[in-house]
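Residue numbers (the numbering used here): 1 to 218.
For glycine and all other residues, C-beta sits at the position ideal for the given N, C-alpha and C.
Note that the structure is predicted; figures quoted are calculated from it, not measured.
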Ligand SMILES: Nc1nc2c(ncn2[C@@H]2O[C@H](COP(=O)(O)OP(=O)(O)OP(=O)(O)O)[C@@H](O)[C@H]2O)c(=O)[nH]1
Ligand SMILES: [Mg+2]
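(1) Can you tell which of 52, 91 and 22 has the C-alpha that lies nearest to the C-alpha of residue 67?
(2) Among 132, 158, 78 and 127, which one has its Cα closest to the Cα of residue 38?
(3) What are the boundary residues of the alpha helix (DSSP H) that residue 26 is part of?
(4) In terms of alpha-carbon separation, which member of 85, 118, 91 and 146 lies closest to residue 125?
(5) Take residue 14 as the anchor and find which of 80, 150 and 180 has the nearest alpha-carbon.
(6) In chain order, what are the residue ranges of uninterrupted beta strand (DSSP E) at least 3 long that sit wholly in the stretch 18 to 99?
(7) Report yes if the CB atom of residue 30 is closer than 8 Å to the CB atom of residue 175, and no otherwise.
(8) Buried or exposed for residue 149, please, with buried defined as at least 16 other CB atoms from any protein chain shown within 10 angstroms of its CB.
(9) Who sits around ligand 2, taking every residue whose Cβ is closer than 7 Å to one of its heavy atoms?
(10) Should residue 148 be counted as a contact of ligand 1 given a C-beta to heavy atom distance under 7 Å?
(11) What residue from 33, 51, 106 and 76 has the CA that sits closest to residue 10's CA?
(12) Taking 7 Å as the cut-off, does the CB of residue 100 come closer than this to any heavy atom belonging to ligand 1?
(13) Taking residue 89 as the reference, give the member of 136, 47, 75 and 101 with the closest Cα.
(14) Could you tell me the distance, in whole angstroms, from the CA atom of residue 47 to the CA atom of residue 123?
(15) Does the Cβ of residue 65 have 16 or more other Cβ atoms within 10 Å, making it buried, or fewer, making it exposed?
(16) Please name the residue in 44, 186 and 166 whose C-alpha comes closest to that of residue 77.
(17) How about residue 156: is its Cβ closer than 7 Å to a heavy atom in ligand 1?
(18) Return the first residue and the last residue of the alpha helix (DSSP H) that residue 116 is part of.
(19) What residue from 114, 185 and 86 has the CA that sits closest to residue 170's CA?
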């Protein structure tokens, strides 16, 4: 198996979940370091990228933040195609948003065998302020996460709690398992062509990061 050494890599992450669970706020908190607050509902999807270091490798996270509204559901498949990680968001204070998680798990397992699933209960600050607002018990989500052999996080985009941890974990999991993904399998063709592809994807990452401001201007 060839070593990836210090070469950079990039992969696709998608956010999924019911309308208003806080997907856009989660991504904005991570990429911009602030709480977006009063944001408009996403139309279709928004794209941002962020470069991080994970397990000693430079990794570009290409994040597709999808719309939760039912009216865009048929398009969502297009956005999660080829994703290596999906953040399935639900609102800790809203029970029906958790029911949607099962739907998304089914969709991904059926269509994207290489996509790892991360459960993310959002708006933890509301629970911390008043525990009676909790609508999804921690152990219930934990059981699903255990079945999926994946991680479960509870986050707050308002305070920033655990937000960085979700994406860092995703980056590290990708690096740890990178040789199992088709895009990192050794190719039969000559190495020159492979080197060219790597250079190109790095370039692409830089350009897309610059587009961040406009992505969230809605
Ligand atoms: N208190 C609190 N409110 C949050 C948090 N995250 C999001 N919100 C609020 O929840 C609402 C919806 O947030 P969005 O990020 O737009 O939700 P979304 O999942 O992207 O929604 P769609 O784009 O319609 O699918 C907004 O009013 C946010 O201010 C959080 O961590 N804490
Ligand atoms: Mg949104």
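With the given structure in hand:
(1) 22
(2) 158
(3) 23 to 32
(4) 91
(5) 80
(6) 45 to 54, 57 to 66 and 85 to 91
(7) no
(8) exposed
(9) 23, 24, 39, 41, 42, 65, 67 and 68
(10) no
(11) 51
(12) no
(13) 101
(14) 22 Å
(15) buried
(16) 44
(17) yes
(18) Note, residue 116: premise wrong, no alpha helix (DSSP H); beta strand (DSSP E) at 116 to 122.
(19) 86
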